[in-house]
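In what follows, a structure is listed as structure tokens, so that the remarks can point back to it.
In this note's numbering, the protein residues as written are 226 to 507.
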């Protein structure tokens, strides 16, 4: 569900919607899904992709004979103590809807001691950015296969299915996800498409239960406002006495990236659009 920038005569257009505020039924929908479980059958190709991701994580830690502590994500960076020998879950960073994988490279370089898994459902997008060595990525990073970050890994998978499989690993105490990137997802801007947005979908409790810190980035302010409100509702609405997103701190702000980490971010910034991010931290 990666967003595609609209262009006209070379210009990047802002999101156009017939919705002028937060979706009217947002609270009702989030509360409904807070007490239900998404049960759609998981696609076989995603199970296979997830198995590959598991092998990559196992191989990464075996090669380093260490495990990275799943520390809280504070002030834009993980705690700086570095990897330590611990008995516990293995830290894994997720880059969901990674497109060509440029953002995965950024995250892999930022956190070299933690495996970073870039996930996208489009084989075409991943092929364009495969190993960071082609097309736009080659121009921006001058990165070839031989020097691709050892902790970066890309797979083609359905996000909703991958998240459910990842949550099973988290709940089993095998994985911990200190940071989850959700950069520029498809906003589905028409009101009639609103329930396709992640925060208005049955998958939302799973998404919010996955990691310690989730960062959403978007160029549509309404999407950011909705996501923030949905996260806060999920954290406080506990019909069964528990919440997958309890004890959550949610912050919404505009921002200017020092170094754009996706093609969308670069184009939107160059066009002078305001960028928004929602950071949810447990």
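Glycine residues also receive a C-beta, built at the ideal position from the N, C-alpha and C atoms.
**Report entry** Simplified DSSP state of residue 388, which is helix, strand or coil
**Finding:** helix
Query raised in the report: Just how far apart, CA to CA, sit residue 435 and residue 403?
Result: 9 Å
Query - Stretch pair the region 251–263 + the region 444–464: three plus CB contacts closer than 8 Å - result: yes
Query raised in the report: residue 209 by DSSP, collapsed to three states: which one?
Result: With the chain running from 226 to 507 in the structure shown, residue 209 is simply not present.
Query raised in the report: What are the residues that DSSP puts in a beta bridge with residue 440?
Result: 406 and 504
**Report entry** Among 431, 448 and 494, nearest to residue 262 - alpha-carbon criterion
**Finding:** 431
Query raised in the report: Counting pairs of beta carbons, one from the region 327–342 and one from the region 276–290, are three or more of them closer than 8 Å?
Result: yes
Query raised in the report: Is residue 346 buried or exposed, if buried means 16 or more other CB atoms sit within 10 Å of its CB?
Result: buried
Query raised in the report: What is the rounded straight-line gap between the Cα of residue 439 and the Cα of residue 407?
Result: 7 Å
Query raised in the report: Roughly how many whole angstroms lie between the Cα atoms of residue 502 and residue 472?
Result: 20 Å
Query raised in the report: If you run the structure through DSSP and keep just helix, strand and coil, what is residue 310?
Result: Summary for residue 310: the model assigns pLDDT 36, below 50, so the residue's position carries little reliability, and this model does not support an answer.
Query - First and last residue of the uninterrupted beta strand (DSSP E) at residue 494 - result: Run containing residue 494: none in the beta strand (DSSP E); it sits in the alpha helix (DSSP H), 488–495.
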